[in-house]
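In the working numbering, the protein residues as written are 60 to 123.
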């Protein structure tokens, strides 16, 4: 799978998350879905180093 294919798959996921009929944006779940979509979009545009930093920071937050 190429990087372009990965990006297309992630963009499709973001589109599906945002268009979900099961999530009302004003709810806590809806806000969580939107935050996930934003983070996925950031990763699509990020450099490899940024992705590694994101993973490290996420792991650190999960340990706290």
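In this text, a Cβ means the ideal position worked out from N, Cα and C, and glycines have one as well.
Residue 118: member of the alpha helix (DSSP H) spanning 107 to 122, first to last residue. Pairing residue 112 with residue 69, the inter-Cα distance amounts to about 19 Å. Under the three-state reduction of DSSP output, residue 98 falls in the helix class. Distance from residue 99 to residue 73 at the Cβ level is roughly 5 Å; contact confirmed, criterion being Cβ atoms closer than 8 Å. In this structure residue 102 does not touch residue 92 by the C-beta definition: roughly 16 Å separates them, more than the 8 Å allowed.
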